[in-house]
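**Q**
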Amino acid sequence: MNVDRVNYLNNGLMLVSLVAAFILPFEVFLFSYAILGPLHYLTEISWLHDRQYFAPRKLDWVPLAVLGLLILLGAKTIMGDTIYGWLENAGLKNMVRFLGSYGYDITFVAFGLALIFVVFKDWTYRSAAIIILLLCAYIFHVPDPSIPDSTISKISYETYQRKVVQPYENKWNDPVFKLFGVYVPTLIHVYIFTGLFMLFGALKGRSRSGYVSFGFFILCAIACFVVLPGNSGILAGTWARTNYAETFSQLSIHLLEDFGGKKYDDLLVKSAFGGDAGKATVNELIFSNPLSIMFARFIAFAYTYHYLNWFSKTSVIKWHRVPKVRFAIVIAAWVASIFLYLYDYEVGFRWLFLLSFLHVMLEFPLNHQSFIGIGKELGAIFSGKKPVPAKVKQVQ
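The opening position of the sequence shown corresponds to residue 1155 in this note's numbering, with each subsequent residue numbered one higher.
1) Once the 5 residues before and after Lys1547 are set aside, which same chain residues still bring their CB inside 6 Å of it?
2) Can you look up His1474 in the DSSP assignment and give me helix, strand or coil?
3) Assign His1513 to buried or exposed, taking buried as 16 or more other Cβ atoms, counted over all protein chains shown, within 10 Å of its Cβ.
4) Near Leu1253, which residues of its chain fall below 6 Å by C-beta distance, leaving aside the five closest residues on each side in sequence?
5) CB-CB under 8 Å to Thr1468, same chain, minus the five flanking residues each way: which ones, in chain order?
6) Under the three-state reduction of DSSP, which class applies to Lys1325: helix, strand or coil?
7) Under the three-state reduction of DSSP, which class applies to Glu1517: helix, strand or coil?
8) Could you pull the start and end residues of the alpha helix (DSSP H) that Phe1185 belongs to?
9) Considering only residues of the same chain and omitting the five flanking positions on each side of Trp1488, which have a CB-CB separation below 8 Å?
10) Compute the Euclidean distance between the alpha carbons of Ala1174 and Leu1445, then round it to the nearest angstrom.
11) Taking the continuous alpha helix (DSSP H) assigned at His1408, which residues delimit it?
12) What span of residues does the alpha helix (DSSP H) with Gly1266 cover, start to end?
13) For Leu1218, I'd like the list of residues in its chain whose CB is within less than 6 Å of its CB, leaving aside the five on either flank, ordered along the chain.
14) What does the Cβ neighbour count give for Phe1452, buried or exposed, with the cut at 16 atoms within 10 Å?
15) Could you round the C-beta distance between Gly1335 and Met1352 to whole angstroms and report it? I think they count as a contact, below 8 Å.
16) Assign Val1250 to one of two classes, buried (16 or more other C-beta atoms within 10 Å of its C-beta) or exposed (fewer than that).
17) Identify, in the order they occur along the chain, each residue of the same chain with its Cβ nearer than 7 Å to the Cβ of Leu1409, setting aside the five sequence neighbours on each side.
18) Going by the CB atoms, is the gap between Glu1242 and Trp1464 shorter than 8 Å?
19) For Ala1244, is the classification buried or exposed, using 16 other Cβ atoms within 10 angstroms of its Cβ as the cut-off for buried?
20) Need the endpoints of the alpha helix (DSSP H) that His1203 sits in, please.
21) CB Glu1500 to CB Asn1397, shorter than 8 Å?
22) Could you have a look at Val1546 and say whether DSSP puts it in helix, strand or coil?
23) From this set, Phe1511, Ser1367, Ala1490, Asn1443, which residue's C-alpha is nearest Leu1163's C-alpha?
24) Rounded to whole angstroms, what's the CA-CA distance from Ile1293 to Leu1287? Just pull it up for me.
25) Taking the Cβ atom as the reference point for each residue, do Phe1176 and Asp1214 lie within a distance shorter than 8 Å?
26) Alpha carbon to alpha carbon, how far is Ser1281 from Ala1534? Give it in angstroms, no decimals.
27) According to DSSP, is Asp1214 part of a helix, a strand, or is it coil?
28) Leaving out five residues before and five after Phe1511 in sequence, what residues of the same chain have Cβ atoms less than 8 Å from its Cβ?
29) What span of residues does the alpha helix (DSSP H) with Leu1389 cover, start to end?
30) Could you spell out where the alpha helix (DSSP H) holding Phe1208 opens and where it closes?
31) Given a threshold of 16 other Cβ atoms within 10 Å of its Cβ, counted over all protein chains shown, does Ser1537 qualify as buried or as exposed?
32) Please classify Val1220: is it buried, with 16 or more other beta-carbons within 10 angstroms of its beta-carbon, or exposed?
33) Can you list, in chain order, the stretches of the alpha helix (DSSP H) that have 4 or more residues and sit fully within the segment 1323-1371?
34) Roughly how many angstroms lie between the CA atoms of Leu1246 and Tyr1256, to the nearest whole one?
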């Protein structure tokens, strides 16, 4: 299948993803994330590994993988109280709390580190740039509340507002946290980066079908908000409400706050500390607010097409051409992950969090290579340079 046919196929996949997102936005997203997601993570990491993660040096990926593991260790809601308690009892209490407080800073460092690795090969320049990067991470850090969670129910309302609500409002409204703590691992990865990959491919090959696909990709996102605005379609069922609320509710609230023109800081706090009453309030907003439904469409479309786009590129990037043993391990791990999600969606989400986050962070060097490539191609177009002719090849 040649590149033009792949682009036409992707236009159809975008349309299918969009229609499905309109019909059952929450269910489609949860299904795609649980069924298509793990296979995408496993196959992409395998593909990146064979290409040295698009980094200049062979071991440049190791720090990125370590940072992904550190984020997992600091994510109390992902690890669960039992495992978190084991880590604290093992003498790692201060470490895991430190990592929990600096989670989004770690993502920021990983993103910057990948850029440093791509731009600089010499360790003299790399070391200087890393020092500057760590200084920026320190400057941009916003501290968490200083009061332990276990004592929240015992303090007065005034103390609660001063020591819990206000610090979390400061953090949740911080632009660096918004970018690297909320959007880079989620929508920026699945929509913005996917779109930039498509644009880079179209520019590199001066592909008319590639430009059309990129334009259609943008139109599909716009359609999530302008087609049937305010129409909730088929309401989310009990399964979708329960599992979405336990995994991605805060993403929806951040979107409503950042792009809906309203303040939901109190709901963000309630979703974390408000107990059953707080969760009920949050759920009512997410599953009944018309704007929230439109955001759910976009999330479902972005994630579903992100996965389908990857699988459609088999003949182009050949991610399936790996040793048979590794491929068998990938399939076995994928099947196991599906059973885990079927057993308990929240358990599956927790245990596959590391795999999901790892594939985001290990892709950072490729992201930066694409940004640089787009700049070079645009520069060549504006300067009037023609692309170097390539042999027309039918990819089997």
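Ideal placement from N, C-alpha and C gives every residue a C-beta, glycine not left out.
**A** In short:
1) Along the sequence shown, read from residue 1 onward, the residue named residue 1547 stands at position 393. Confidence in Lys1547 is poor, its pLDDT being 37 and thus under 50, which makes the residue's placement unreliable; the coordinate value appears in the next sentence. Cβ within range, chain order: n/a, list empty.
2) Position 320 of the sequence shown, counted from the start, is the residue given in the question as residue 1474. When DSSP states are grouped into helix, strand and coil, His1474 belongs to the coil group.
3) Here residue 1513 is taken as the residue at index 359 of the sequence shown, counted from 1. Here His1513 is buried: its Cβ has 16 or more other Cβ atoms, across all protein chains shown, within 10 Å.
4) Within the sequence shown, residue 1253 is the residue found at index 99, counting from 1. Hits under 6 Å: Leu1224, Leu1227, Gly1228.
5) Here residue 1468 refers to the residue found at position 314 of the sequence shown. Correct list, in chain order: His1474.
6) As a working mapping, residue 1325 is identified with position 171 in the sequence shown. Helix at Lys1325.
7) Counting from one through the sequence shown, the residue named residue 1517 turns up at place 363. Correct three-state label for Glu1517: coil.
8) What you label residue 1185 is simply residue 31 of the sequence shown in a count that begins at 1. Where Phe1185 is concerned, the enclosing alpha helix (DSSP H) stretches over 1179-1185.
9) Reading the sequence shown from its first residue, position 334 is the one you call residue 1488. If we look at Trp1488 and ignore the five residues flanking it on each side, its Cβ neighbours are Pro1192, Leu1193, Leu1196.
10) To locate residue 1174, count along the sequence shown from 1; it is residue 20. To locate residue 1445, count along the sequence shown from 1; it is residue 291. Rounded to whole angstroms, the separation of the alpha carbons of Leu1445 and Ala1174 is 18 Å.
11) Taking the sequence shown and counting its residues from 1, the one referred to as residue 1408 is at position 254. From DSSP, the alpha helix (DSSP H) with His1408 extends over 1403-1413.
12) Within the sequence shown, numbered from 1, the residue matching residue 1266 stands at position 112. Its alpha helix (DSSP H) spans residues 1257-1273.
13) The sequence position of residue 1218 within the sequence shown is 64, counting from 1. So the qualifying residues of the chain are Ala1264, Met1515, Leu1516.
14) For the purposes of this step, residue 1452 is taken as residue 298 along the sequence shown, with counting starting at 1. By the neighbour-count criterion, in which 16 or more other beta carbons inside 10 Å mark a residue as buried, Phe1452 falls on the buried side.
15) Here residue 1335 corresponds to residue number 181 of the sequence shown, with the count starting at 1. Here residue 1352 corresponds to residue number 198 of the sequence shown, with the count starting at 1. So it is not a contact: roughly 26 Å between Cβ atoms.
16) Counted from its first residue, the sequence shown places residue 1250 at position 96. With 16 or more Cβ atoms within 10 Å of its Cβ, Val1250 is classed as buried.
17) For the purposes of this step, residue 1409 is taken as the residue at position 255 of the sequence shown. Closer than 7 Å at Cβ, skipping near neighbours: Phe1449.
18) Here the question's residue 1464 lines up with position 310 in the sequence shown. Here the question's residue 1242 lines up with position 88 in the sequence shown. No, these two residues do not count as a Cβ contact at 8 Å.
19) As a first step, residue 1244 must be located in the sequence shown, where it is residue number 90. Counting of Cβ neighbours within 10 angstroms places Ala1244 among the exposed residues, the total staying below 16.
20) Residue mapping note: residue 1203 aligns to position 49 of the sequence shown, counting from 1. DSSP places His1203 inside the alpha helix (DSSP H), whose first and last residues are 1191-1204.
21) Along the sequence shown, read from residue 1 onward, the residue named residue 1500 stands at position 346. Along the sequence shown, read from residue 1 onward, the residue named residue 1397 stands at position 243. Yes. Within cutoff.
22) Numbered from its first residue, the sequence shown carries residue 1546 at position 392. Confidence at Val1546 is low in this model, with a pLDDT of 37, below 50, so the placement of that residue is unreliable and no value is reported for it.
23) Here residue 1163 is taken as the residue at index 9 of the sequence shown, counted from 1. Ranking the options by Cα distance to Leu1163, first place goes to Ser1367.
24) Within the sequence shown, numbered from 1, the residue matching residue 1293 stands at position 139. Within the sequence shown, numbered from 1, the residue matching residue 1287 stands at position 133. So the alpha carbons of these two residues sit roughly 10 Å apart.
25) For this step, residue 1176 is matched to residue 22 along the sequence shown. For this step, residue 1214 is matched to residue 60 along the sequence shown. 8 Å or more divides the Cβ of Phe1176 from the Cβ of Asp1214.
26) The count along the sequence shown starts at 1 and reaches residue 1534 at position 380. The count along the sequence shown starts at 1 and reaches residue 1281 at position 127. Whole-angstrom Cα-Cα distance: 32 Å.
27) The residue labelled residue 1214 in the question sits at position 60 within the sequence shown. If DSSP states are grouped into helix, strand and coil, Asp1214 belongs with coil.
28) The residue you call residue 1511 lines up with position 357 of the sequence shown. Only Gly1222, Ile1225, Leu1226, Pro1339 meet the Cβ criterion.
29) Counting from one through the sequence shown, the residue named residue 1389 turns up at place 235. Unbroken run through Leu1389: none, as it is neither H nor E.
30) For this step, residue 1208 is matched to residue 54 along the sequence shown. From DSSP, Phe1208 is part of no alpha helix (DSSP H); its letter is neither H nor E.
31) Residue 1537 sits at position 383 when you count from the first residue of the sequence shown. Label assigned to Ser1537: exposed.
32) On the sequence shown, residue 1220 is found 66 positions in, with the first residue counted as 1. Within a 10 Å sphere around the beta-carbon of Val1220 sit fewer than 16 other beta-carbons, which makes this residue exposed.
33) Whole alpha helix (DSSP H) segments, 4+ residues: 1347-1359.
34) Indexing the sequence shown from 1 puts residue 1246 at position 92. Indexing the sequence shown from 1 puts residue 1256 at position 102. Rounded to the nearest angstrom, the gap between the Cα atoms of Leu1246 and Tyr1256 is 15 Å.
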